[in-house]
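Asker:
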Amino acid sequence: MTDPGSSASEPRRSLFDLITHPPDLPIVSVLDQVTRAAHPGTFAVVSATAGSGKTTLIAPAVAARVSGTVVCTQPRRMAARASARRIASLLGERVGETVGFTVRGERAVGPHTRIEMVTPGVLVRRLQAHPDLPGVSAVILDEFHERALDSDLALAFLLDVRQTLREDLTIFLTSATLDMAPTLTFVRTHACECEGADVMTIEAPGVLFPLEQSWAPAAPSVSALAPVGGSGRVGVSREFLAHMGRVVDETVQRTSADVLVFVPGAREIRMLINELRARLRGDVEIVPLLSALSAAEQDRILTPVPEGCERRRRVIVSTSIAESSLTVPGVRVVVDSALARHPSIDPARGVTTLVTVPASRAEMVQRSGRAARLGPGWAVRCCAENEWARRRQTPAPEIVESDLTDALLQCAVWGVRDFADLPLMDQPPSGNVQAAREALVAIGALDTEGAPTPHGEMIARLPVAPSLAHALAACAPVIGVEAACECVAIIDEQIRCDNADLAASVRRLRHSSHAEWSHIRDQSARLTRLMGRYAADMSRHAPADQLSRDDQLALVAATAHPQWIMRRRRDSPLSYQSVSGLGASLPATSPLAGQQWLAVSDMTRPSGSSTALIRAALPLSEDDALGCAGALVHEDTRAWYDPAAQRFRGEQATMLGAIRLASRSLRTLPPQTVQDLMAQVLNEHGMSALTWTPTAVQLRARMAALHETVTDPWPDVSDAALASSFPQWGAEDLPALASGKPLTSIDTMRLLRSLLPWPQAARLDELTPPDIEIPTGARRRIEWTENGPTLTLRVQEAFGWTSTPRFVDGRVPLIIHLTDPAGRPVAITSDLASFWAGPYQQVRSELRGRYTKHAWPEDPLSATPSSRAKGRGRSR
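In structure tokens form, the structure reads like this:
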């Protein structure tokens, strides 16, 4: 079909005429190299700066040389349509004749089309359907520097095709900011595997027109990125957008050209446009440019005004959609926020977050190149010049940051079960690959060996994410093909919802002429046609007992994302728990607040936040929640130690993923579970977790002294040793602990006695006596500690003790703590003879005047020991 909206603007001419008499663009100087490279089997890498005209002229130059079709990828649908329209206008034709395009949901090609602009995703699926690319002589991967995941995948498939099916296939990589060295190393490693294959490099000169650059940083007190929206999400601050408004206003006053302004996303476009409307004069038109616009609206912005027609000056506020492959008519000035928004996948939760970050140098070069395509240009960057060197050279390739589910499925259908088996410039993180593989196995797209199932092969052909394709196939028999296709198209569009209420937003769009609903209708019709081809036995319409439209949409959303099914938490009507285990919240004013169950179709996890923000959801019945996520229902038995009660507890819960549906306490735990928990308790708290009587404490200290002094056969009774030997000494206590008895029920005296070695244990009291007779004739308890055996006596009770007692066959001396009559310490000694000979005389001189009723003889060795004052008799 042809594009009725495009008309010829030049006299009709051939591709050869265009190349021999091209427009005045820098790429013209290397067109002869391009045409020489366009012979069968060549691999060419073309580096040409932004604005050089490579998108406009390389494809025609190749097509003029080869006999078949030239397929040229563009990173975005808008770029594919715009570049096709540009070349067609130079040929004096309508789009769909010599030059056409194919993007998701739209196709404009004819029987004589020689150049076809496509998105990388379209090329990947075309390769899946027809790997030999019948009728295609050359493939150009344009703007390869963006390193889109589909571009990397398409290149890998093309290299495989060249090696096995099409050695004659010509491939061009073209880019404005390509890092040539690693790219050439990769290409020469893989592209030259074909016999006779060659790799050519072509470098085009700089832009035809000069580009002035200036810097407009915000004040030091203004941060470009800050928490926004009260959810912890990091985004562009209002203060920075106000600064940009001032910069754009000043720029508009200094030039008569149109101004193209780059900001990260749709939110920033809305806010900056509001700022500009309050600042700019009425003769300036403020225009948003983003992917949510209809094709007609995008084309209107990108179509030059015919000669003789007038229009107002424009300030075009755009996302990165206008970053490459586009010439925006009238633009000679670019104002760059110097910020970018990139996707980042959380593989554990399956949530992709759009993260706003400082733009790389390559991205900013691409943006500034939009200003010097039609004449001398001016680029204003809203950052400091000294920041430039600190920015990374290029953005990270999508393959290392994005969701890999669709890419892995495409690889499996291609016949490759692992990314490592494909010629890729970068390998993805293993965690992301594993998460994608688990997701595909869960929906039945891959088997456990990683091979595609028939279901997986079918959903791989559908132009939506595997999760949505699976939901379409699963729900079509229940609600009808047409209803299921419409629901999938709605979810795939990711429409902006008011307060996360998807149903209300859809009802509003149904009765409007908004471009989003036009997209949805077109995508729904296309999916319906495809499903008619793949599932002819399904009814196009819903069964007689069909659900309401809202319930149908909820069912499809829950089937597509069962891990995102949510149940409300008890603490707040806005707080929810997902099946995947991620916490999430609704916007504060959402009418969905308080719904017990939700089917979520879109959510994001703000950078640095542990919870997600629900962006689109619908109420869901519990039956449907269990039905859609039934494969995730499981019984979960858990046990833990309750330190307050000093006992082990357990419960068995019925879980829907991470959501607890019901639970019951367990009266008895498995002995092995208790043994494992006991090991954790003892490792964390040591043996203090048990109850130790004074007698048990003393016995353990005596055994420790024997182990340290004698070692074998006396056992090690340290915390670490006792914890590791619990299976031996605790075996008798396990049944009681498993039945809920507290740790206080463990008899530590029995524990220690069970470790005593026999027959050596018979000498325990001899080697480490629990008490001793002192010189007065009384028996006193010995305190065994980690420092050794100790005994506390008054000085008068030790008279006559000429030498220090020793234990463990004389190896361990008794440590004696000597006190005055009031019990205050005066000396500590393990050598009484030395004490009597020296320090005692100083103690005597200091204390005999204070304690006159107690004996302080000059010769303590011959004095009578006593526990009493003088005149009270000898102690017994």
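Number 850 in the UniProt record's numbering belongs to position 850 of the sequence shown; there are no gaps in the numbering. Glycine is no exception: its CB is placed at the ideal position from the N, C-alpha and C atoms. Bear in mind the structure is a predicted one, so any value in this text is a computation, not a measurement.
Please report how far the alpha carbon of GLY532 lies from the alpha carbon of LEU468, in whole angstroms.
Answerer: Taking the straight line from one Cα to the other gives about 17 Å.
Asker: By Cβ distance, which residues of its chain are closer than 8 Å to LEU832, with the 5 residues on each side in sequence left out?
Answerer: Closer than 8 Å at the Cβ level, and outside the excluded window around LEU832, lie ALA798, TRP801, THR802, SER803, THR804 and ILE816.
Asker: Which same chain residues end up closer than 6 Å to LEU15 when comparing Cβ atoms and leaving out the 5 residues on each side of it in sequence?
Answerer: The answer, listed in chain order, is PRO60, ALA63 and ALA64.
Asker: Does the separation of the CB atoms of ILE614 and ASP624 fall below 9 Å?
Answerer: In this structure, ASP624 does not lie closer than 9 Å to ILE614 by Cβ.
Asker: Which residues mark the beginning and the end of the alpha helix (DSSP H) in which SER834 is found?
Answerer: Unbroken alpha helix (DSSP H) run through SER834: 832–837.
Asker: Please name the residue or residues paired with HIS511 in a DSSP beta bridge.
Answerer: Per DSSP, none; premise fails for HIS511.
Asker: Do GLU97 and LEU91 come within 9 Å of each other at the CB atom, strictly closer than that value?
Answerer: Contact flag set, yes.
Asker: Would you say LEU582 and ARG605 are within 9 Å of each other, going by their C-beta atoms?
Answerer: In contact: LEU582 and ARG605 (Cβ atoms closer than 9 Å).
Asker: Between which two residues does the alpha helix (DSSP H) holding CYS72 run?
Answerer: Note, CYS72: premise wrong, no alpha helix (DSSP H); beta strand (DSSP E) at 69–73.
Asker: Does GLY121 pass the burial test, meaning 16 or more other C-beta atoms within 10 Å, or should it be called exposed?
Answerer: Buried, by the Cβ-count rule.
Asker: Under DSSP, the beta strand (DSSP E) around THR637 begins and ends at which residues?
Answerer: 633–642 is the extent of the beta strand (DSSP E) around THR637.
Asker: Return the first residue and the last residue of the alpha helix (DSSP H) that THR695 is part of.
Answerer: Element bounds for THR695: 694–709.
Asker: On a CA-only basis, which of ALA295, GLY41, GLY105 and MET117 is nearest THR56? Give me that one, please.
Answerer: Considering only alpha carbons, the answer is MET117.
Asker: By Cβ distance below 6 Å, which residues in the same chain neighbour SER9 in space, the five residues on each side in sequence not counted?
Answerer: Note that SER9 scores 49 on pLDDT, short of 50, meaning its location in the model is unreliable; the coordinates nonetheless yield the value given after this. SER89.
Asker: Which residues mark the beginning and the end of the alpha helix (DSSP H) in which GLU826 is found?
Answerer: The amino acid at residue 826 is misidentified as Glu; the sequence shows Val. Here VAL826 belongs to no alpha helix (DSSP H); instead the beta strand (DSSP E) covers 825–829.
Asker: CA-CA distance, ASP765 and TRP692?
Answerer: Cα-Cα distance, rounded: 20 Å.
Asker: Taking 8 Å as the limit between beta carbons, can you name the residues of its chain near ARG341, skipping five residues before and five after?
Answerer: PRO264, GLY265, THR319, SER320, LEU354, VAL355, THR356 and VAL357, listed in sequence order.
Asker: In whole angstroms, what is the alpha-carbon distance linking MET425 and GLU239?
Answerer: Straight-line Cα distance between these residues: approximately 40 Å.
Asker: When you compare each of ALA645, PRO727, PRO742 and ALA761 to ARG702 by their alpha carbons, which one comes out closest?
Answerer: If we check each option's Cα against that of ARG702, ALA761 comes out closest.
Asker: Restricting to Cα atoms, I'd like to know which of LEU241, VAL681 and PRO26 is closest to GLU275.
Answerer: Residue LEU241 is the option with its Cα nearest to GLU275.
Asker: At a cut of 8 Å, does the stretch 549–564 reach the stretch 475–483 through at least three beta carbon pairs?
Answerer: The answer is yes - the stretch 475–483 touches the stretch 549–564, with three or more Cβ pairs under 8 Å.
Asker: Roughly how many angstroms lie between the CA atoms of THR183 and LEU339, to the nearest whole one?
Answerer: Going from the Cα of THR183 to the Cα of LEU339 covers about 26 Å.
Asker: Roughly how many angstroms separate the alpha carbons of ARG270 and GLU93, rounded to a whole number?
Answerer: If you take the alpha carbons of ARG270 and GLU93, they lie about 37 Å apart.
Asker: Go through the stretch 446–530 residue by residue and report every complete run of the alpha helix (DSSP H) that reaches 4 residues or more, in order.
Answerer: Segments of the alpha helix (DSSP H) lying fully in the stretch 446–530: 454–460, 466–479, 481–493 and 502–510.
Asker: Leaving out five residues before and five after GLY196 in sequence, what residues of the same chain have Cβ atoms less than 8 Å from its Cβ?
Answerer: Model confidence at GLY196 stands at a pLDDT of 48, short of 50, so the residue's coordinates are unreliable and nothing is read from them.
Asker: Where does THR589 land, buried or exposed, given buried means 16+ other C-beta within 10 angstroms?
Answerer: Under this definition THR589 is an exposed residue.
Asker: Please identify the residue among SER256, ALA778, VAL109 and THR251 whose C-alpha is closest to the C-alpha of ARG279.
Answerer: For the residues SER256, ALA778, VAL109 and THR251, the minimum Cα distance to ARG279 belongs to THR251.
Asker: Check this for me: beta carbons of ILE273 and ARG314, under 9 Å apart or not?
Answerer: Not closer than 9 Å, so no.
Asker: What are the residues that DSSP puts in a beta bridge with VAL380?
Answerer: For VAL380, which the question treats as bridged, DSSP gives the partners SER214 and VAL335.
Asker: Return the chain-ordered ranges of every alpha helix (DSSP H) run that is complete within the stretch 122–210 and spans a minimum of 4 residues.
Answerer: As far as the stretch 122–210 is concerned, its whole alpha helix (DSSP H) runs of at least 4 residues are 149–164 and 180–190.
Asker: Going by C-alpha distance, which of ARG86, ARG510, GLY480 and ALA176 is nearest LEU302?
Answerer: Nearest option by C-alpha distance: ARG86.
Asker: Specify, as a first and last residue, the run of the alpha helix (DSSP H) that GLU323 falls within.
Answerer: Where GLU323 is concerned, there is no enclosing alpha helix (DSSP H), given that its DSSP letter is neither H nor E.
Asker: Helix, strand or coil for ARG270? Go by DSSP, reduced to three states.
Answerer: Here ARG270 sits in helix by DSSP.
Asker: Mind checking which residues open and close the beta strand (DSSP E) that includes TRP597?
Answerer: Taken as a continuous stretch (DSSP letters only), the beta strand (DSSP E) holding TRP597 covers 597–604.
Asker: Out of GLU401, LEU530 and ASP501, which one is the CA nearest neighbour of MET458?
Answerer: Of the listed residues, the one whose Cα sits closest to MET458 is LEU530.
Asker: Kindly list the residues whose CB is nearer than 6 Å to the CB of THR864, restricted to its own chain and excluding five residues on each side of it in sequence; keep chain order.
Answerer: The answer is none, since no qualifying residue turns up.
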